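K.L.:
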Amino acid sequence: MSHDALFQLGMDLEAHPAPRAERAAGPRSTTQTEDTIVAPVPARDADDRLDHFIEKQGIRCAGAHLIIDLYEAERLDDLPYIEETLKTCVEEAGATLLHIHLHPFEPTGVSGVAVLAESHISVHTWPEAGYAAFDVFMCGDAKPEKCVDVLERAFRPSRTAVSELLRGREVA
Numbered sequence: 001m002s003h004d005a006l007f008q009l010g011m012d013l014e015a016h017p018a019p020r021a022e023r024a025a026g027p028r029s030t031t032q033t034e035d036t037i038v039a040p041v042p043a044r045d046a047d048d049r050l051d052h053f054i055e056k057q058g059i060r061c062a063g064a065h066l067i068i069d070l071y072e073a074e075r076l077d078d079l080p081y082i083e084e085t086l087k088t089c090v091e092e093a094g095a096t097l098l099h100i101h102l103h104p105f106e107p108t109g110v111s112g113v114a115v116l117a118e119s120h121i122s123v124h125t126w127p128e129a130g131y132a133a134f135d136v137f138m139c140g141d142a143k144p145e146k147c148v149d150v151l152e153r154a155f156r157p158s159r160t161a162v163s164e165l166l167r168g169r170e171v172a
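Numbered per the UniProt record's numbering, the sequence shown finishes at 172, counting up by one with no gaps.
#1: My output table needs one value for V171: the three-state DSSP class, helix, strand or coil.
#2: Are the beta-carbon atoms belonging to residue 184 and A161 less than 8 Å from one another?
#3: For the candidate residues D77, A117 and Y81, whose alpha-carbon lies nearest to that of V136?
#4: Give me the residue from L66, L70 and D77 with the minimum Cα distance to G109.
#5: Let me make sure I understand the geometry here. Which of E170, K146 and S163 has the alpha-carbon closest to that of K87?
#6: Helix, strand or coil for A21? Go by DSSP, reduced to three states.
#7: Considering only C-alpha positions, which residue in the set H120, I54, R60 and E72 is nearest to E170?
#8: Determine the extent of the alpha helix (DSSP H) in which R156 is found, giving its start and end residues.
#9: Evaluate A73 with the Cβ neighbour count: other Cβ atoms within 10 Å of its Cβ, from every protein chain shown; 16 or more gives buried, anything less gives exposed.
#10: Which first and last residues belong to the beta strand (DSSP E) in which F85 is found?
#11: Which full runs of the alpha helix (DSSP H) of 4+ residues lie inside the stretch 105 to 157, going along the chain?
#12: Give the secondary structure of A62 by DSSP, where H, G and I count as helix, E and B as strand, and everything else as coil.
#13: Assign D35 to one of two classes, buried (16 or more other C-beta atoms within 10 Å of its C-beta) or exposed (fewer than that).
#14: Over what stretch of residues does the beta strand (DSSP E) that includes E55 continue unbroken?
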């Protein structure tokens, strides 16, 4: 991946030395330091992985990826509330939280991710439009569908649209 692509992704370029001319100009990283939650995950045998393949609807797959759209939703600019809602999603789905990173935007909006041992939950909000986009991807024994009820209780949308993708269906 090129240095420009890493920069656009907001990745820390310090770990990936740039050409001499770019180093002389100083670092170009947009990485920010923010409070994070990091939970240690217990060591497991290969047969006891949290992110193991599952069978769903008679199909062997890596897991279910839910695309959840909330319309005319509330509290979409309340970062602490969104963080607590993500924690509730993780807990009710039976997943393992590794890290949460949320970023508030000016004048409004929040984007972020909860990184899980079983994959992730991401969020992007547009409070001015009452719209929020959530991606919930979980492998193993986690129950991503439980997140739909949590999100509806928390943000009280007038309408919710959910699509499901079974990821890794073609892995041998």
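Here a beta-carbon is modelled for each residue, glycine too, at the ideal position from N, C-alpha and C. Note that the structure is predicted; figures quoted are calculated from it, not measured.
P.N.:
Reading from the atomic positions:
#1: In the displayed model, V171 falls within coil according to three-state DSSP, outside both helix and strand.
#2: Residue 184 is absent from the structure shown; the chain starts at 1 and stops at 172.
#3: Among D77, A117 and Y81, the Cα nearest to that of V136 belongs to A117.
#4: Minimum Cα distance to G109 is reached at D77.
#5: Nearest of E170, K146 and S163 to K87, Cα basis: K146.
#6: Annotation note: pLDDT 40 at A21 (below 50); position unreliable, no value reported.
#7: Taking only the C-alpha atoms, the option nearest E170 is R60.
#8: Note, R156: premise wrong, no alpha helix (DSSP H); not H, not E.
#9: So A73 counts as buried.
#10: The amino acid at residue 85 is misidentified as Phe; the sequence shows Thr. Counting along the chain, T85 sits inside no beta strand (DSSP E); it lies in the alpha helix (DSSP H) bounded by residues L79 to A93.
#11: Taking only runs of at least 4 residues, the alpha helix (DSSP H) segments lying wholly in the stretch 105 to 157 are 146 to 155.
#12: Reduced to three states, the DSSP call for A62 is coil.
#13: Since pLDDT at D35 reaches only 48, below the 50 mark, its modelled position is unreliable, and the value read off the structure follows with that caveat. By the 16-neighbour rule on beta-carbons within 10 angstroms, D35 is exposed.
#14: Taken as a continuous stretch (DSSP letters only), the beta strand (DSSP E) holding E55 covers I54 to K56.
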